[in-house]
Structure formats: structure tokens, C-alpha cells
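Student: At position 88 of the sequence shown (counting the first as 1) the number is 508 in this note's numbering, and the numbers step up by one without a gap. One structure, pasted below without further comment.
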Amino acid sequence: MGIEALKTIGVLGAGQMGGGIAQVVAQGGRRVLLADLDLARAERGRDLVAKGLAKLVEKGKLDAPSRDAALARIVPVAGMEAFAEADFAIEAATENLELKRKLMRGLDQACREGVTIASNTSSISITLLAAETSRPQHVVGMHFMNPVPVMKLVEVVRHPGSDPAAVALAVALADKLGKTPIVVADAPGFASSRLGLALGLEAMRMVEQGVASAADIDTAMKLGYGHPMGPLELTDLVGLDVRLGIADYLTSAIGPAFAPPEILRAKVADGKLGKKSGEGFYTWTADGKKR
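Next up, the structure:
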């Protein structure tokens, strides 16, 4: 199946990542089946996309007819049964191995034979996920960055059994969505998560040790190294719970270099998860502004 045959994309998971993926796919001119546990959750995901598109119109980056056309391409659905219509499927659920294994089994049953299934995992082994299906050669990773509509990178992850045609199809899709794809091997943390987390964890240790404030550490990386966002602000955006989960996984897979600092565990235990909870390494207002 070539890139032009991908008319309908199934996106499983209508949260922040799934909604963002649905938005860029719809803006790229393709129909999206946006699925979640039930129709209400899927519809809430579409509503979040509508808000994102409205902001683009307000900023003059998108005209109203294009907004309306993109939103009309997103079809909320309950469960995966509708993915029988999908020409390509992207799993975008929470970063949890057992959950993703279960969902991969469901996608394998729901999608037509030969359809490529991609997982938007940031660290979990694609080899393990592919083994849950009857089509491991058609399973790849597609790690979109958060926020999806803004960030340009997509990591396409190949495992040892990946069909090169499936990898090429995922690369072509990312390119058509206006992203810059890179191809990486199925190693713990891939490329971006492993490097980004290493920097983020060290920044947390520096706060913990009183080396500098979160704001000053972030300023150092932005002005000293040209990063568009500091590692601690990025942690708040991604979610401290998400980063803790990845750190625990990489510690088990690679070693103690990725052991999470106590400050991260404590904040997660206190419900300080970053922007989504209103507090992490920074305090966030209800309208998403950093204080």
C-alpha cells in the first residue's frame, strides 16, 4: 500500500497526543477515525481539536473554511471496530506496556490484513508490541512530539522484524503531515526520549541540590544552548507522571543512570504533574500560562 492509498487514518486514544495527531492528519487532508473507550471521550477529544484549530484562526495561521474542513474530517468513534475502514492505524494511548499490549491485540483484530499499525510510544519496545499481533512485520513506532501540531519531529521506529515497506510508509506519512521523520532502531528510549530524559533528570537533580532555580536552569539551556524550551518547562508540558514512567522503564532496561530523583517521585505522589494539574516545577494558570 502506497502513501496515496492512505485515505482514512485510525487514531486510538483521544487525549492530548491522540487529539494532536488527529488534528495534523485532518489538516493534512485525510479522514480520521478518532477512537476512545466510549463515544463521549472520543467526542471530547474532537472538541479539544476544535479549540486548537480555533486558536490557529485567531492567530491568523489558518482560515475559517480550512478549520471547518479539517474538523469535518474527524469522526469520533467508540472502540476499535470502526478501524475496519482504516488504511493505517496509530495507537496513542497512555504510556503503559500492558495497556498498549492489549490495544495492539485489539487493533490487530480490527484492522484489515496488510494495514500498518503504528504505536506512538516514547519508550516502550516496538518488538514487544509487535509480538502481540499476527502482523509483526507491519508494526512500527511513530513517536510524535508534544504538542503534536507544533513540533516537527517524528521518530519512526523499526524493530528487527519490520518490513522496510511499512517503515517507508510511516516515513512518507510523517512527511505528508509536514513533519520531519527520522528512522531509529528499537532501543530503550529510542533517540529523543533517551537524550531528552537524561537532560531533564539532571536538571531535576540540580533543583533538588539547590544548584539553581528551575527558571534559571531553563534560561541557561535556552540562552546558552539555543533550546526553544528548558528541560523543566518541557517536563511540565509532557507531564511529570509520564516522565517518571519513562525513567523507571529506562532504569530497568539500561541502568541506574536513568534512576528518577526523589524530587520527581515526590511531586508525582503529591499530584503535581505539571501543566495538566496546574503545578509541577512551575505553577500554571487555568488558561495554560506559566507563572
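Note that CB positions come from ideal geometry on N, CA and C, so glycine has one too. None of the values given here were measured: they were computed from a predicted structure.
Scan the stretch 647-711 and note each continuous alpha helix (DSSP H) run of 4 residues or more that stays entirely inside, going in chain order.
Tutor: Within the stretch 647-711, the complete alpha helix (DSSP H) runs of at least 4 residues are 651-658, 660-673 and 682-689.
Student: Span of the alpha helix (DSSP H) holding Ala611?
Tutor: Unbroken run through Ala611: none, as it is neither H nor E.
Student: Out of curiosity, what's the CA-to-CA distance linking Gly448 and Asp595?
Tutor: Approximately 10 Å, taken between the alpha carbons.
Student: Which residue wins for smallest C-alpha separation from Glu653, given the options Tyr645, Ala673, Leu670 and Glu699?
Tutor: Ranking Tyr645, Ala673, Leu670 and Glu699 by Cα distance to Glu653 puts Glu699 first.
Student: Identify, in the order they occur along the chain, each residue of the same chain with its Cβ nearer than 7 Å to the Cβ of Gly526, setting aside the five sequence neighbours on each side.
Tutor: Excluding residues within five positions, the ones whose Cβ falls inside 7 Å are Met500.
Student: What does the Cβ neighbour count give for Val574, buried or exposed, with the cut at 16 atoms within 10 Å?
Tutor: Classification of Val574: buried, given that the 10 Å Cβ count is 16 or more.
Student: Taking a contact to mean a Cβ-Cβ separation below 8 Å, would you say Leu597 touches Gly609 in this structure?
Tutor: Not closer than 8 Å, so no.
Student: Are the CB atoms of Gly534 and Ile546 within a distance shorter than 8 Å?
Tutor: Contact flag unset, no.
Student: What is the DSSP secondary structure of Glu511, counted as helix, strand or coil?
Tutor: If DSSP states are grouped into helix, strand and coil, Glu511 belongs with the strands.
Student: Could I get the ranges of all uninterrupted alpha helix (DSSP H) runs contained in the stretch 543-591, with 4 residues as the minimum, in chain order?
Tutor: With a minimum length of 4 residues, the continuous alpha helix (DSSP H) runs that stay inside the stretch 543-591 are 546-550.
Student: Roughly how far, in whole angstroms, is the beta-carbon of Val576 from the beta-carbon of Val591, given that I think they are within contact range, below 8 Å?
Tutor: Sure, about 5 Å apart at Cβ, within 8 Å.
Student: Which residue from Ala585, Phe564, Ala667 and Val570 puts its Cα closest to that of Pro556?
Tutor: With distances taken between Cα atoms, Pro556 lies closest to Ala585.
Student: In angstroms, rounded to a whole number, what distance separates the CA positions of Ser625 and Ile544?
Tutor: Note that residue 625 is Arg in the sequence shown, not Ser. Answer to the nearest angstrom: the Cα atoms are 24 Å apart.
Student: Please return the same chain residues whose Cβ sits closer than 7 Å to the Cβ of Thr514, not counting the five positions on each side in sequence.
Tutor: Nothing meets the Cβ criterion.
Student: Which whole-angstrom value is the C-beta distance of Ala634 and Tyr702, which I expect to be below 8 Å?
Tutor: About 7 Å; that satisfies the 8 Å criterion.
Student: State yes or no: is the C-beta of Leu693 within less than 8 Å of the C-beta of Leu670?
Tutor: No, Cβ-Cβ distance for Leu693 and Leu670 is not below 8 Å.
Student: Please say whether Leu491 and Leu473 have beta carbons closer to each other than 8 Å?
Tutor: Closer than 8 Å, so yes.
Student: Taking the beta carbon of Met524 as the centre, do at least 16 other beta carbons fall within 10 Å, making it buried, or is it exposed?
Tutor: That one is buried.
Student: Going by DSSP, what residue range makes up the alpha helix (DSSP H) through Arg464?
Tutor: That run of the alpha helix (DSSP H) goes Leu459 to Glu478.
Student: Under 8 Å by Cβ, that's how I've got Ala455 and Ala446 pegged, so tell me the actual separation to the nearest angstrom.
Tutor: No, Ala455 and Ala446 are not in contact; Cβ-Cβ is about 14 Å, not under 8 Å.
Student: Verify whether the separation of the beta carbon atoms of Leu657 and Asn566 is less than 8 Å.
Tutor: Their beta carbons are under 8 Å apart, which means Leu657 touches Asn566 by this criterion.
Student: Taking the alpha-carbon positions, what's the Arg685 to Leu457 distance?
Tutor: Near 29 Å, if we compare the C-alpha coordinates of Leu457 and Arg685.
Student: Between Ala460, Leu459, Lys471 and Gly439, which has its C-alpha nearest Val452's C-alpha?
Tutor: With distances taken between Cα atoms, Val452 lies closest to Gly439.
Student: Provide the residue span of the beta strand (DSSP E) that contains Ile637, from first to last.
Tutor: Premise fails: Ile637 lies in the alpha helix (DSSP H), Ala634 to Tyr645, not in any beta strand (DSSP E).
Student: From what residue to what residue does the beta strand (DSSP E) around Gly433 run?
Tutor: No beta strand (DSSP E) holds Gly433; DSSP gives it neither H nor E.
Student: Tell me the rounded alpha-carbon separation between Gly430 and Glu628.
Tutor: So the alpha carbons of these two residues sit roughly 42 Å apart.
Student: Rounded to whole angstroms, what's the CA-CA distance from Ser672 to Val477? Just pull it up for me.
Tutor: One C-alpha to the other measures close to 45 Å.
Student: For Phe678 versus Leu621, is the C-beta distance shorter than 8 Å?
Tutor: Going by C-beta atoms, Phe678 is nearer than 8 Å to Leu621.
Student: Give the single residue among Leu619, Ile666 and Ile683 whose Cα lies nearest to the Cα of Tyr645.
Tutor: Nearest option by C-alpha distance: Leu619.
Student: Would you kindly work out how many angstroms separate the C-alpha atoms of Ala498 and Thr553, rounded to a whole number?
Tutor: One C-alpha to the other measures close to 21 Å.
Student: May I have the straight-line CA-CA distance separating Cys531 from Arg521, to the nearest angstrom?
Tutor: Approximately 15 Å between the Cα atoms of the pair.
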